[in-house]
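> Count the sequence shown with our numbering and you get residues 51 to 444, in order.
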Amino acid sequence: MKAAGVIVEFNPLHSGHIEHLRETTRLTGREYTIAVMSGNFVQRGEPAICDKWHRTRMALLAGVDIVIEIPVNYVVSGADYFARAGVRLLAATGVVDRLCFGSEAGDLTHIKEAGRVLAHEPDEYKTALKSALAMGHSFAAARGTALAATLKNASPELLTKPNNGLGMEYCKALWQMGQPMEVYTSFRQAGGPSATAIRKVITNGQQTTDAAYAAISQHMPAYVLEIIKNTLRTSELAKLDDYNDIFRYLLFTKDIEMGEGLQHRFRNLAHQHHSLTALLDAVKTKRYTYTRIQRAALGVVLGTHPADLTAYEDAGGPAYIRVLGFRREASNLLGEMTSKATLPVITHGKAMDNLTGLAAKMLAKEFEVGDIYRLAFGKIKGYRHERSMPVVIV
Numbered sequence: 051m052k053a054a055g056v057i058v059e060f061n062p063l064h065s066g067h068i069e070h071l072r073e074t075t076r077l078t079g080r081e082y083t084i085a086v087m088s089g090n091f092v093q094r095g096e097p098a099i100c101d102k103w104h105r106t107r108m109a110l111l112a113g114v115d116i117v118i119e120i121p122v123n124y125v126v127s128g129a130d131y132f133a134r135a136g137v138r139l140l141a142a143t144g145v146v147d148r149l150c151f152g153s154e155a156g157d158l159t160h161i162k163e164a165g166r167v168l169a170h171e172p173d174e175y176k177t178a179l180k181s182a183l184a185m186g187h188s189f190a191a192a193r194g195t196a197l198a199a200t201l202k203n204a205s206p207e208l209l210t211k212p213n214n215g216l217g218m219e220y221c222k223a224l225w226q227m228g229q230p231m232e233v234y235t236s237f238r239q240a241g242g243p244s245a246t247a248i249r250k251v252i253t254n255g256q257q258t259t260d261a262a263y264a265a266i267s268q269h270m271p272a273y274v275l276e277i278i279k280n281t282l283r284t285s286e287l288a289k290l291d292d293y294n295d296i297f298r299y300l301l302f303t304k305d306i307e308m309g310e311g312l313q314h315r316f317r318n319l320a321h322q323h324h325s326l327t328a329l330l331d332a333v334k335t336k337r338y339t340y341t342r343i344q345r346a347a348l349g350v351v352l353g354t355h356p357a358d359l360t361a362y363e364d365a366g367g368p369a370y371i372r373v374l375g376f377r378r379e380a381s382n383l384l385g386e387m388t389s390k391a392t393l394p395v396i397t398h399g400k401a402m403d404n405l406t407g408l409a410a411k412m413l414a415k416e417f418e419v420g421d422i423y424r425l426a427f428g429k430i431k432g433y434r435h436e437r438s439m440p441v442v443i444v
């Protein structure tokens, strides 16, 4: 059995994601699809609109066969780490030989070449990057400038659209790993549904109207909308501002390091802005992008330390394959993955308890972060709540 792989967040799942899953099946010719997905916190540096279990159910109902979790340290540490962890996990399953991602370019040739440049960093690229950084550009902007200088025929859109950028990171990881799988891309059309716009409607909470629900229902399957409504009914909606008090306590009582002295800017501005999102807006500058500072603030709340990520990387990356859910029809695929995988596959508490060393530390952080996520809506239910959570099966 061979499967196609996708790297996702589904925050929340919408019709654009459904189309990507269909295109993955068509382009790769694979009957099965395995998704690696962020957990309770996402790559933008904020809590997911629904927890990982709800989003896993969305994915399975949409046709994904197995959902695997990306460890939180990789999710909140930038696109390169997120992409690398996703590709490594898919390769480690032993059954995924094709990766498909969505892109605004829809042109795999230029994205793969950009990934090669990022992986090998030729002298021309290094010189252009150093020059752009010396001019005071953020790293992301400097990297775009350096890529434009190296890739002579690259369009500005190729270098500025977010899904193109993630695609480059996936290809970069594949180049670094010796191309363990074939890669495909589906064209992500402009004007499609926006997960950001959908989240804005959802986070209105009690003020969300039937008309607003009707508007977003055009962009998602009925089962996704029902899951979202249930999340609101049970008050299990997490927002970044829910962690405001935790962040401020840690900011002023702990010796934290946010990089480039960013913690000092936060402390200097904290008394002027009472919500976390307002403080992030104030801290943002040309040098510190909003996503950069949002990830930094979330890292303080979650206690994710760069030294831990360095240790994980030195040891080869994610240390286990944690299955969040699977379709009953794919139970044979799960069994084959378990036998062929190059990392331990964990689906239940006993397997979790057998992990040791860095793998055990990585999973313990996941449990801790799961408890922190639930603090947002007052449903902690004890320490290590996730330890007893069952795998989602549809």
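Cβ coordinates follow ideal geometry from the N, Cα and C atoms, glycine included.
Could you give the distance in angstroms between the alpha-carbon of Arg-193 and the alpha-carbon of Phe-91?
26 Å
> Are Thr-200 and Gly-217 closer than 8 Å when you measure CB to CB?
No. Outside cutoff.
> Taking DSSP as the reference, what is the three-state secondary structure of Met-439?
coil
> With DSSP run on the structure shown, which of helix, strand or coil describes Cys-100?
coil
> Would you mind reading off the limits of the alpha helix (DSSP H) that contains Tyr-340?
340 to 352
> In the DSSP output, which residue or residues are listed as bridge partners for Leu-330?
In DSSP, Leu-330 forms no bridge with anything.
> Starting from the C-beta of Gln-344, find all residues in its chain whose C-beta is less than 8 Å away, skip the five residues before and the five after it, and write them out in chain order.
Arg-94, Gly-95, Glu-96, Leu-290 and Leu-330
> By Cβ distance below 6 Å, which residues in the same chain neighbour Phe-151 in space, the five residues on each side in sequence not counted?
Gly-217, Tyr-220 and Thr-235
> DSSP three-state label for Phe-91, please.
strand
> Measuring only the C-alpha atoms, how far is Arg-238 from Lys-411?
Going by C-alpha positions, Arg-238 is about 37 Å away from Lys-411.
> Which runs of the beta strand (DSSP E) at least 3 residues long sit entirely within the region 195 to 266? Give them in chain order.
232 to 237
> By the 10 Å Cβ neighbour count, where 16 or more other Cβ atoms means buried, how is Gln-256 classified, buried or exposed?
A caution first: Gln-256 carries a pLDDT of 48, below 50, which makes its placement in the model too unreliable to give a value.
> Does DSSP put Ile-371 in a helix, in a strand, or in coil?
Ile-371: strand per DSSP, three-state reduction.
> Pull up the distance between the alpha-carbon of Val-351 and that of Leu-405, whole angstroms please.
Roughly 25 Å separates the two Cα atoms.
> So who's on the other strand from Ala-85, going by DSSP bridges?
Paired residues: Val-56 and Val-117.
> Could you compute how far the alpha carbon of Leu-384 sits from the alpha carbon of Phe-376?
8 Å
> Please go through the same chain and pick out, in chain order, the residues whose beta-carbon is closer than 8 Å to the beta-carbon of Gly-156, but skip the five residues on each side of it.
Thr-235, Ser-236, Phe-237 and Arg-238
> Quick one, are the C-beta atoms of Ile-84 and Asp-115 less than 8 Å apart?
yes
> Here's the rule I'm using: 16 or more other beta-carbon atoms within 10 Å means buried, otherwise exposed. How should Tyr-299 be labelled?
exposed
> Run through DSSP, which three-state label would Ala-396 get?
Residue identity check: residue 396 is Ile in the sequence provided, not Ala. Ile-396: strand per DSSP, three-state reduction.
> Do Gly-349 and Val-86 have their CB atoms nearer than 8 Å?
Taking a C-beta distance under 8 Å as the contact criterion, Gly-349 and Val-86 do not qualify as a contact pair.
> Hey, is Trp-103's beta-carbon within less than 8 Å of any beta-carbon in chain B?
Of the chains in the structure shown, none is chain B; there is only one protein chain.
> Measure from the alpha carbon of Met-231 to the alpha carbon of each residue in Arg-315, Glu-171, Val-145 and Cys-100, then state which is nearest.
Check the Cα spacing between Met-231 and each of Arg-315, Glu-171, Val-145 and Cys-100: the tightest is with Val-145.
> On the criterion of 16 or more Cβ atoms from any shown chain inside 10 Å, does Arg-317 qualify as buried, or is it exposed?
exposed
> I need the straight-line Cα distance from Ser-267 to Val-274, nearest angstrom please.
9 Å
> Is Asp-157 helix, strand or coil by DSSP?
When secondary structure is reduced to three states using DSSP, Asp-157 falls in the coil class, being assigned neither helix nor strand.
> Going along the chain, which residues of its own chain have a beta-carbon closer than 7 Å to the beta-carbon of Gly-309, five neighbours each way excluded?
Ala-346
> Hey, could you find the ends of the alpha helix (DSSP H) Arg-138 is sitting in?
129 to 142
> Can you tell me whether Arg-76 is buried or exposed? The criterion is at least 16 other CB atoms within 10 Å of its CB, across all chains shown.
exposed
> Which residues does DSSP list as the beta-bridge partners of Phe-376?
Residue pairing of Phe-376 in beta bridges, as defined by DSSP: Ile-116 and Ile-443.
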